[in-house]
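Notes for the one structure printed next.
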Amino acid sequence: MTEVKLHGVLLSPYVYRVIWALKLKGVPYEFVAEDLSNKSDLLLKYNPVYKKIPVLVHGEKPVSESMVILEYIEEMWPQNPSLMPNDPYDRALARFWIKFIEDKIVAILGLFRSITGQELENATKELLEILQTLEEHVLGEKFFFNGDNIGLVDIAFGSMLFWMQVIGDVVGVKPFESHKFPSLHAWFENFKQIPVIEENFPNRDEYFVYIKRRREELLASA
């Protein structure tokens with residue numbers, strides 16, 4: 001019997017955050033595919049508050065919300081690679097940037113699925129400003145946000161950057177151009193080349209089809 005189970009769908013960037021962390025830590029797990037149009041009794045049991053994926057179940061104890069799950073994985077399986085810095089100040093900085101990504105980027109990308117015209121232009125401008133902040137203040141000469149090793153900030157941002165690029169293709173905007181954000185672009189290339197990430201990267205074509213269909217549904221219902 002598998003001690004660790006991950007409930008989710010493979011069209012969720014949040015689910016891939018958890019997959020990457022588990023794979024990096026070498027934690028064996030069973031993936032339980034959920035149908036979000038017909039949520040299982042187990043999903044409703046394990047996440048009765050938000051009723052959303054991902055949910056990590058470890059020894060029948062459920063943990064919800066992707067970044068909470070990632071911190072749980074780091075604390076439960078502290079073996080290498082460590083996904084958070086050892087220094088308390090550096091850990092605080094990592095949590096600051098994770099919150100920045102969650103508060104700023106996630107909210108805007110959610111809007112991108114259902115806006116057009118001037119609203120889309122305004123959101124794109126705001127997203128460019130957020131990326132510029134990350135370009136100027138986070139990486140510097142570092143290989144990853146933690147330094148030489150991948151960490152939770154990389155995983156959090158990497159999933160959002162994948163989502164951003166696909167949504168950009170769907171709506172016809174290119175917010176993440178290499179000449180505008182050379183440090184972030186170089187970081188993303190390094191991130192994608194990590195074997196565990198490369199071997200467990202979302203299917204871009206499937207995600208494009210899903211986002212396009214979802215956007216059409218949202219615009220039709222507006």
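If you're matching positions, the sequence shown starts at 1 in the UniProt record's numbering and goes up one per residue. For each residue, glycine too, the CB sits at the ideal point set by N, CA and C.
Cβ-Cβ separation, residue j to residue i (assumed contact under 8 Å), whole Å
i: K192; j: E199; result: The pair is not a contact, with the Cβ atoms about 11 Å apart (cut-off 8 Å).
i: residue 311; j: I108; result: Summary: the structure shown does not reach residue 311, with the chain confined to residues 1 through 222, and so no result is reported for it.
i: V32; j: H7; result: 5 Å
i: W97; j: L139; result: Not quite, the Cβ-Cβ distance comes to about 10 Å (not below 8 Å), so this is no contact.
i: Y207; j: V166; result: 5 Å
i: V170; j: K212; result: 5 Å
i: L218; j: S114; result: 4 Å
i: N146; j: P85; result: 6 Å
i: V135; j: L56; result: Note on residue identity: the sequence assigns Glu, not Val, to residue 135. E135 to L56, Cβ: 32 Å. No contact.
Backbone secondary structure at residue i - three-state DSSP
i: G8; result: strand
i: S66; result: helix
i: F145; result: coil
i: E60; result: coil
i: V18; result: helix
i: E198; result: helix
i: L36; result: coil
i: L83; result: coil
i: S178; result: coil
i: S114; result: coil
i: Y46; result: helix
i: V138; result: coil
i: P88; result: helix
Bridge partners - residue i, DSSP secondary structure assignment
i: E30; result: K5
i: V209; result: None; V209 has no bridge partner.
i: V55; result: H7, S64
Local Cβ density within 10 Å of residue i, reported as buried at 16 or more and exposed below that
i: P54; result: buried
i: N47; result: buried
i: E216; result: exposed
i: P195; result: exposed
i: L44; result: exposed
i: P175; result: buried
i: L22; result: buried
i: S159; result: buried
i: K5; result: buried
i: E3; result: exposed
i: V18; result: buried
i: M1; result: Low confidence applies here, because M1 scores a pLDDT of 48, under 50, leaving its location unreliable; read the following figure in that light. Flag for M1 reads exposed.
i: E119; result: exposed
i: A94; result: buried
i: E121; result: exposed
Near the ligand HEM: residue i beta-carbon under 7 Å from a heavy atom
i: G117; result: For the structure depicted, the ligand HEM is absent and the ligand set is empty, with no information on it obtainable.
Three or more C-beta pairs closer than 8 Å, one from the stretch 10–19 and one from the stretch 56–72: is that the case here?
yes
Quick check: the stretch 71–83 against the stretch 115–134, are there 3 or more CB pairs under 8 Å?
no
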